[in-house]
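Q: This structure is in structure tokens; I'll ask about it shortly.
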Amino acid sequence: MGAEEDGERQASSSTQPAAESHDGEAVLKKLHILPLKEADKKIKGRQRMDFLAETLRQLRNTKATVCSGDLVRAKEAEFVVIKCDPPQGCLGMETDFFVDGAPVICFQKIQFSAWGPNTLSSEELFNDYVRPYFKGEYSPYGTAGVKRVRLLYTGQIVQVGEVCLQVEATEPQGLGMVSTDTEIFANWDTTPEFEKVHILPFMDTLPSAYQYELFGDYLKPYLMANQHRKYQHGDLFTYQGVQFKVVACEPPDVVARIGKSTTIFCQGHLTPTLRNLLPPHLMSQVAQLPQGLQMLLLSSERTTRELEDMLNHRRGLFQDAAWAFGESSPKAEVHVDRRLNVMGSGLQHKVFFRDFLELIRPLFATSDFAEQPRYIADTGCGDGSLLCQIYEFVKLQTPRGRALKEFPLTMIGIDLSASALAATADTLRARGVPHQLLEGDIGDPGGLCNELRRLNLDPRQTLHVRSFLDHDRPFRMPAHPLRAGSSRDLFVAHHFDQAVYLDRCGKVIKPVDIYQSLVEHFGRWADASGEHGLCILEAMLLDVPSTAKYFDENVSFHFDIEAALSRQYLVPPVANCMALAEAGLFSCTGDASSHCYPESGEYCRIMSQHVKRSSFSVRLAEFDDLAALVDLQQAAKVTSALEASPETLAARLLKAPLGVLVAECAGKLLGAAYTTRRVGPASSGIEAEPSQPSADHGDVLQLVALHALPEAPGVGSLLRDFLLQLAWVDPDVKSVVGLTRFDGWAASGLSQEDYMRRHVEGEVSDKVLAFHTQRGATVVKLVQDARLADVANQGAAVLIRYEPGRPQRERRVASRESQEATVDTVEAFVHEQLAKMDIQLKEADFAELGLDSLELAALRRSVEKRFGLHGDAAAATARELATSCFQGGSNLQRTDARAVVESFLQDFGEADSQASLAEMGLDSLDIARLRERLQARLSVQLSVEELAAAANVDSIIEAVRAKMLTATA
Numbered sequence: 001m002g003a004e005e006d007g008e009r010q011a012s013s014s015t016q017p018a019a020e021s022h023d024g025e026a027v028l029k030k031l032h033i034l035p036l037k038e039a040d041k042k043i044k045g046r047q048r049m050d051f052l053a054e055t056l057r058q059l060r061n062t063k064a065t066v067c068s069g070d071l072v073r074a075k076e077a078e079f080v081v082i083k084c085d086p087p088q089g090c091l092g093m094e095t096d097f098f099v100d101g102a103p104v105i106c107f108q109k110i111q112f113s114a115w116g117p118n119t120l121s122s123e124e125l126f127n128d129y130v131r132p133y134f135k136g137e138y139s140p141y142g143t144a145g146v147k148r149v150r151l152l153y154t155g156q157i158v159q160v161g162e163v164c165l166q167v168e169a170t171e172p173q174g175l176g177m178v179s180t181d182t183e184i185f186a187n188w189d190t191t192p193e194f195e196k197v198h199i200l201p202f203m204d205t206l207p208s209a210y211q212y213e214l215f216g217d218y219l220k221p222y223l224m225a226n227q228h229r230k231y232q233h234g235d236l237f238t239y240q241g242v243q244f245k246v247v248a249c250e251p252p253d254v255v256a257r258i259g260k261s262t263t264i265f266c267q268g269h270l271t272p273t274l275r276n277l278l279p280p281h282l283m284s285q286v287a288q289l290p291q292g293l294q295m296l297l298l299s300s301e302r303t304t305r306e307l308e309d310m311l312n313h314r315r316g317l318f319q320d321a322a323w324a325f326g327e328s329s330p331k332a333e334v335h336v337d338r339r340l341n342v343m344g345s346g347l348q349h350k351v352f353f354r355d356f357l358e359l360i361r362p363l364f365a366t367s368d369f370a371e372q373p374r375y376i377a378d379t380g381c382g383d384g385s386l387l388c389q390i391y392e393f394v395k396l397q398t399p400r401g402r403a404l405k406e407f408p409l410t411m412i413g414i415d416l417s418a419s420a421l422a423a424t425a426d427t428l429r430a431r432g433v434p435h436q437l438l439e440g441d442i443g444d445p446g447g448l449c450n451e452l453r454r455l456n457l458d459p460r461q462t463l464h465v466r467s468f469l470d471h472d473r474p475f476r477m478p479a480h481p482l483r484a485g486s487s488r489d490l491f492v493a494h495h496f497d498q499a500v501y502l503d504r505c506g507k508v509i510k511p512v513d514i515y516q517s518l519v520e521h522f523g524r525w526a527d528a529s530g531e532h533g534l535c536i537l538e539a540m541l542l543d544v545p546s547t548a549k550y551f552d553e554n555v556s557f558h559f560d561i562e563a564a565l566s567r568q569y570l571v572p573p574v575a576n577c578m579a580l581a582e583a584g585l586f587s588c589t590g591d592a593s594s595h596c597y598p599e600s601g602e603y604c605r606i607m608s609q610h611v612k613r614s615s616f617s618v619r620l621a622e623f624d625d626l627a628a629l630v631d632l633q634q635a636a637k638v639t640s641a642l643e644a645s646p647e648t649l650a651a652r653l654l655k656a657p658l659g660v661l662v663a664e665c666a667g668k669l670l671g672a673a674y675t676t677r678r679v680g681p682a683s684s685g686i687e688a689e690p691s692q693p694s695a696d697h698g699d700v701l702q703l704v705a706l707h708a709l710p711e712a713p714g715v716g717s718l719l720r721d722f723l724l725q726l727a728w729v730d731p732d733v734k735s736v737v738g739l740t741r742f743d744g745w746a747a748s749g750l751s752q753e754d755y756m757r758r759h760v761e762g763e764v765s766d767k768v769l770a771f772h773t774q775r776g777a778t779v780v781k782l783v784q785d786a787r788l789a790d791v792a793n794q795g796a797a798v799l800i801r802y803e804p805g806r807p808q809r810e811r812r813v814a815s816r817e818s819q820e821a822t823v824d825t826v827e828a829f830v831h832e833q834l835a836k837m838d839i840q841l842k843e844a845d846f847a848e849l850g851l852d853s854l855e856l857a858a859l860r861r862s863v864e865k866r867f868g869l870h871g872d873a874a875a876a877t878a879r880e881l882a883t884s885c886f887q888g889g890s891n892l893q894r895t896d897a898r899a900v901v902e903s904f905l906q907d908f909g910e911a912d913s914q915a916s917l918a919e920m921g922l923d924s925l926d927i928a929r930l931r932e933r934l935q936a937r938l939s940v941q942l943s944v945e946e947l948a949a950a951a952n953v954d955s956i957i958e959a960v961r962a963k964m965l966t967a968t969a
């Protein structure tokens with residue numbers, strides 16, 4: 001029996017009314033009596049009652065008083081009374097006798113520990129408390145004339161005056177007594193008492209059918225019955241079905257008792273999350289795991305026992321890299337618990353799924369329903385969460401949702417795993433989503449299309465989506481290996497120098513084969529994709545310097561190693577973009593940078609894109625392309641001022657082989673972009689034709705030249721956008737610069753400075769400058785004598801600079817802000833809340849609508865939680881309430897820590913102030929976004945580690961407020 005169960009048993013023992021008395025003495029209802037060990041040997045297997053019957057009859061007839069500890073001699077065998085009910089009385093005809101149990105022993109040794117209000121020496125303890133406890137009528141067994149003994153067992157606590165004695169150990173073990181031969185040891189327990197302790201019940205275990213007083217009915221009885229127990233922060237215990245947890249104690253981080261001087265708090269309750277339910281020893285094990293894995297496990301729906309089993313079965317790395325892969329069929333998954341993987345994916349990917357929906361919105365944003373996708377297929381569908389969210393998004397937030405009866409939308413779940421397909425079926429069926437399911441392999445898109453046709457589903461009318469799957473595809477050796485020494489070979493050597501990959505048997509795969517395999521994989525999907533293209537959400541391989549720099553913000557260090565060992569093929573983000581381009585797949589928006597995570601742009605851990613097949617592809621130029629590049633300049637009608645000689649083009653190809661991109665269709669070059677890398681400030685020392693071009697050193701990417709055939713419209717813009725995307729996802733590139741020229745200055749009659757200024761201010765529009773500025777470039781300055789051959793512009797050039805991703809990021813943030821923080825959107829939200837209260841009169845005063853002060857306060861609170869804005873309590877209408885949120889400037893109103901935090905958490909469901917971020921489903925990237933929100937709104941800097949380690953939302957808010965107070969002080 002465990003300590004908790006024993007404590008509960010003692011605390012809950014009932015007191016029954018005494019039986020009728022004889023001459024004033026209560027009659028015992030029950031009597032438990034056992035032989036001493038030596039007596040048990042004399043009995044030799046005979047019935048104990050045969051020995052006791054005559055003696056018990058005499059005791060009954062004489063109406064002798066009997067109580068626990070009494071020694072009873074029967075036929076030269078000694079017995080001892082173990083327990084009576086009631087505790088003392090005489091035997092009667094109705095008394096029930098119990099003689100089952102192990103015989104009572106005489107201890108050879110017994111060890112006591114003691115505690116009390118005043119510390120005692122061992123001598124004082126023994127002489128003043130232990131020795132007196134075994135004197136008088138309770139003298140040790142063997143003392144002349146002794147008739148009653150004290151029965152003891154390990155863990156038992158007895159009170160002697162103000163001192164508590166606990167039996168720490170006995171020899172031998174069992175129920176027994178002290179004899180004249182027993183060695184007695186006693187020591188003072190120095191375990192302190194808590195000054196304060198806060199103990200909370202789990203809300204799901206509290207009674208709901210009757211009234212109760214938590215402390216008096218539950219907590220106090222347990223503590224009284226378990227005075228010996230030592231507690232620490234996080235301990236759990238149960239009494240009468242109610243489970244409790246020690247959530248705070250003072251002093252902290254110690255093991256102590258709850259004593260008479262301890263102040264006990266029990267206000268509040270706990271939600272039964274896994275983090276709250278874990279005992280301290282399991283939490284300490286979880287704390288040793290990588291942060292990302294901690295967050296995943298604590299956000300899961302597994303039980304405490306399941307988590308404990310998982311921790312107990314952790315294994316070290318195998319000596320052999322093959323670790324049983326070769327022993328299974330090619331489709332078997334021996335490296336992953338697919339059920340846990342499906343569960344974890346659903347938890348971790350929620351934030352990405354929400355942003356993923358915005359990629360899909362344009363496809364369903366018009367009323368031309370016949371041109372929209374009829375099917376959406378998710379390859380690697382997991383538990384169906386993404387398909388479910390997409391369907392409900394289309395249904396509720398796009399025009400197509402109003403026409404689903406006439407133009408139905410069918411969701412298609414595709415997966416190799418039967419458990420994943422079953423989970424998807426459950427998810428979609430529960431939400432009433434029309435769907436089809438089929439087994440399929442992401443590495444065989446042609447086979448998937450054939451299977452769709454077999455089910456009478458048109459692949460051309462299908463939008464394909466997938467999340468975090470391309471890196472987990474079965475590896476196929478490339479059909480067309482890279483040529484050694486080629487630009488593409490050098491590209492792989494530069495970007496994959498820190499990557500390691502294994503095949504199924506544990507042998508190393510060369511990065512060049514990984515890259516070319518990915519290109520061919522995307523090529524097969526380009527052939528299979530219909531007019532609606534692919535929406536791809538994918539994890540990237542993070543380079544070592546970025547992993548080290550942002551170690552606390554992401555799980556790359558752990559995840560990338562695990563992925564490599566489990567035969568997954570993450571690639572750097574630059575390589576992922578280049579592989580798509582080589583397959584002819586390009587972002588539909590030309591703004592892929594707006595879908596990189598984290599959005600701050602320090603590195604790219606995850607990328608989300610909607611790509612469609614183009615009529616051309618983009619690749620790195622080879623030296624063999626020199627003649628074609630010379631011809632392209634002429635065909636593109638490059639002005640003589642910008643035309644490069646064949647020798648110059650050759651130098652670019654030789655010195656910067658990773659810096660020349662070409663757009664190609666059926667072997668014909670349509671356009672080219674020349675770049676170089678440089679070290680130093682982005683606003684000085686720029687040469688129109690760099691004397692020392694390089695493609696792999698420097699944090700500034702210079703666009704040297706870009707041109708395309710006139711008959712290939714859009715190629716030039718696409719090359720520009722693609723270069724910016726590569727710069728955005730390359731952790732080494734901080735800015736992109738270029739020296740461009742005026743197209744219309746010569747005929748303007750203005751000075752070059754004035755012409756340039758007017759273009760910036762929008763008064764004039766220069767076609768060449770606009771090619772850059774409309775894409776987010778900043779005009780830095782006019783550079784005299786930059787290009788002497790440009791006679792039309794008197795040798796001058798304009799220095800422009802891109803900050804990769806920043807314009808797109810700012811537009812995205814601005815879009816979010818405007819969507820969240822306009823008078824109209826706030827008013828519309830208020831109307832939505834009123835509609836939930838069955839109030840439809842939009843223009844009426846709140847008083848006319850019958851809203852009381854509590855309802856109005858709740859309404860303002862909902863606005864605060866949704867937008868992070870404070871409304872005026874005196875506002876009389878929805879419009880006035882919305883307008884009051886912006887009086888004095890919207891940013892001035894967003895200064896409440898709780899409002900900002902809860903506004904951010906709104907996307908993760910109802911904020912629970914007692915829940916941690918992990919319990920609410922936030923991963924490290926979500927927490928990084930929260931950190932950025934706090935910095936932007938409140939100028940508060942908290943690290944991702946601080947936010948992730950916070951016990952709950954309330955503690956985060958307190959930390960933010962403390963930082964704000966420090967800043968203002």
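Going by UniProt numbering, the residue at position 229 of the sequence shown is 229; the numbering climbs one at a time, nothing skipped. For every residue, glycine included, the Cβ atom is placed at its ideal position computed from N, Cα and C.
In its own chain, which residues sit with a C-beta less than 6 Å from the C-beta of Ile509, not counting the 5 before and 5 after it?
A: Position 509 of the sequence shown holds residue 509. Closer than 6 Å at Cβ, skipping near neighbours: Tyr501 and Asp503.
Q: Taking Cβ positions, are Gln609 and Ile536 nearer each other than 7 Å?
A: Along the sequence shown, read from residue 1 onward, the residue named residue 609 stands at position 609. Along the sequence shown, read from residue 1 onward, the residue named residue 536 stands at position 536. A contact, by the Cβ cut-off of 7 Å.
Q: Would you decide whether Thr182 is buried or exposed? Buried here means 16 or more other CB atoms lie within 10 Å of its CB.
A: Translated into the one-based positions of the sequence shown, residue 182 becomes position 182. Result: buried.
Q: Return helix, strand or coil for Val342, following the three-state DSSP convention.
A: Working through the sequence shown from its first residue, we reach residue 342 at position 342. Caution is warranted here: a pLDDT of 48 is assigned to Val342, below 50, making its placement in the model unreliable, and no coordinate value can be reported.
Q: Do the region 457-470 and the region 528-546 make contact, defined as three or more Cβ pairs closer than 8 Å?
A: With the cut-off at 8 Å, the region 457-470 and the region 528-546 touch.
Q: Need the endpoints of the beta strand (DSSP E) that Gly671 sits in, please.
A: Position 671 of the sequence shown, counted from the start, is the residue given in the question as residue 671. Where Gly671 is concerned, the enclosing beta strand (DSSP E) stretches over Lys668 to Arg678.
Q: If you follow the alpha helix (DSSP H) that Gln725 is part of, which residue opens it and which one closes it?
A: Stepping through the sequence shown from its first residue, residue 725 is reached at position 725. Looking at the DSSP string, the run of the alpha helix (DSSP H) that includes Gln725 is Val715 to Val729.
Q: What ranges does the alpha helix (DSSP H) occupy inside the region 525-571, keeping only unbroken runs of at least 4 residues that lie completely in it?
A: Here the runs fully enclosed are 544-549 and 556-565.
Q: Helix, strand or coil: how does DSSP classify Met964 here?
A: Residue numbering aside, residue 964 sits at position 964 when the sequence shown is read from its first letter. Three-state DSSP puts Met964 in a helix.
Q: List the DSSP bridge partners of Ile199.
A: Within the sequence shown, residue 199 is the residue found at index 199, counting from 1. Looking at the DSSP assignment, Ile199 forms a beta bridge with Val246.
Q: Figure out for me which residue from Leu518, Phe557 and Leu541 has the closest Cα to the Cα of Ala579.
A: Reading the sequence shown from its first residue, position 579 is the one you call residue 579. Comparing Cα positions, the closest option is Leu518.
Q: How many angstroms separate the CA atom of Thr262 from the CA atom of Thr271?
A: Position 262 of the sequence shown, counted from the first residue, corresponds to residue 262. Position 271 of the sequence shown, counted from the first residue, corresponds to residue 271. Straight-line Cα distance between these residues: approximately 26 Å.
Q: What residue range does the beta strand (DSSP E) around Met411 cover?
A: As a working note, residue 411 is residue 411 in the sequence shown. Met411 -> beta strand (DSSP E) spans Thr410 to Asp415.
Q: At a cut of 8 Å, does the region 700-709 reach the region 717-731 through at least three beta carbon pairs?
A: Touching, yes, given that three or more Cβ pairs across the two stretches are closer than 8 Å.
Q: Looking at the secondary structure, which residues open and close the alpha helix (DSSP H) in which Asn450 lies?
A: Mapped onto the sequence shown, residue 450 falls at position 450. Run containing Asn450: Pro445 to Arg454, per the alpha helix (DSSP H) assignment.
Q: Which word fits Thr62, buried or exposed, when buried means at least 16 other C-beta atoms lie within 10 angstroms of its C-beta?
A: Against the sequence shown, residue 62 aligns to sequence position 62. Exposed, because fewer than 16 other Cβ atoms sit within 10 Å of the Cβ of Thr62.
Q: Any contact of the region 732-745 with the region 773-793, i.e. 3+ C-beta pairs under 8 Å?
A: They touch, by the three-pair rule.
Q: Count the other CB atoms within 10 Å of the CB of Leu750; is the residue buried (16 or more) or exposed (fewer)?
A: Counted from its first residue, the sequence shown places residue 750 at position 750. Its Cβ having fewer than 16 others within 10 Å, Leu750 is exposed.
Q: With a 10 Å radius around its C-beta and 16 neighbouring C-beta atoms as the bar for buried, classify Gln267 as buried or exposed.
A: The sequence position of residue 267 within the sequence shown is 267, counting from 1. Exposed, by the Cβ-count rule.
Q: For Glu622, I'd like the list of residues in its chain whose CB is within less than 7 Å of its CB, leaving aside the five on either flank, ordered along the chain.
A: In the sequence shown, residue 622 corresponds to position 622, counting from 1. Cβ neighbours of Glu622 beyond the five flanking positions: Ser486 and Ser487.
Q: Give the straight-line distance between the Cα atoms of Phe112 and Val158, rounded to the nearest whole angstrom.
A: For the purposes of this step, residue 112 is taken as residue 112 along the sequence shown, with counting starting at 1. For the purposes of this step, residue 158 is taken as residue 158 along the sequence shown, with counting starting at 1. Using only the alpha carbons, I get a separation of about 10 Å.
Q: Looking only at its own chain, which residues have a Cβ that is under 7 Å from the Cβ of residue 1056, when we skip the five neighbours before and after it?
A: Limits of the chain in this structure are 1 at one end and 969 at the other, which puts residue 1056 out of reach.
Q: Would you kindly work out how many angstroms separate the C-alpha atoms of Arg894 and Asp954, rounded to a whole number?
A: As a first step, residue 894 is located in the sequence shown; it is residue number 894 there, counting from the start. As a first step, residue 954 is located in the sequence shown; it is residue number 954 there, counting from the start. Only weak support is given to the placement of Arg894: the predicted model assigns it a pLDDT of 42, under 50, and the question is left unresolved by the model.
Q: Where do the N-terminal and C-terminal ends of the alpha helix (DSSP H) with Thr740 fall, by residue?
A: Here residue 740 is taken as the residue at index 740 of the sequence shown, counted from 1. Careful: Thr740 lies outside any alpha helix (DSSP H), inside the beta strand (DSSP E) at Ser735 to Thr740.
Q: Decide if Asn226 is buried, meaning its Cβ has at least 16 other Cβ atoms within 10 Å, or exposed.
A: For this step, residue 226 is matched to residue 226 along the sequence shown. Under this definition Asn226 is a buried residue.
Q: Give the single residue among Arg354, Pro408 and His471 whose Cα lies nearest to the Cα of Thr379.
A: Within the sequence shown, numbered from 1, the residue matching residue 379 stands at position 379. Here the closest residue by C-alpha is His471.
Q: Between the Cα of His32 and those of Gly382, Leu917, Ala102 and Ala796, spot the shortest distance and give me the residue it belongs to.
A: On the sequence shown, residue 32 is found 32 positions in, with the first residue counted as 1. Among Gly382, Leu917, Ala102 and Ala796, the Cα nearest to that of His32 is on Ala102.
Q: If we count Cβ pairs, one from each stretch, closer than 8 Å, do we get three or more for the region 434-441 versus the region 403-421?
A: Segments in contact, yes.
Q: Roughly how many whole angstroms lie between the Cα atoms of Arg806 and Ser367?
A: Against the sequence shown, residue 806 aligns to sequence position 806. Against the sequence shown, residue 367 aligns to sequence position 367. Residue placement at Arg806 is flagged as unreliable, the pLDDT there being 49, under the threshold of 50; a coordinate-derived value is accordingly withheld.
Q: Going by DSSP, what residue range makes up the alpha helix (DSSP H) through Leu125?
A: For the purposes of this step, residue 125 is identified with residue 125 of the sequence shown, where counting begins at 1. Taken as a continuous stretch (DSSP letters only), the alpha helix (DSSP H) holding Leu125 covers Ser122 to Leu125.
Q: In whole angstroms, what is the alpha-carbon distance linking Ala430 and Thr773?
A: Numbered from its first residue, the sequence shown carries residue 430 at position 430. Numbered from its first residue, the sequence shown carries residue 773 at position 773. Going from the Cα of Ala430 to the Cα of Thr773 covers about 50 Å.
Q: Between Leu661, Ser916 and His595, which lies nearest to Ala948 when the distance is taken from Cα to Cα?
A: Counting from 1 along the sequence shown, the entry for residue 948 is found at position 948. The shortest C-alpha separation from Ala948 is found at Ser916.
Q: CA-CA distance, Arg453 and Arg374?
A: Indexing the sequence shown from 1 puts residue 453 at position 453. Indexing the sequence shown from 1 puts residue 374 at position 374. Arg453 and Arg374: Cα-Cα distance of roughly 14 Å.
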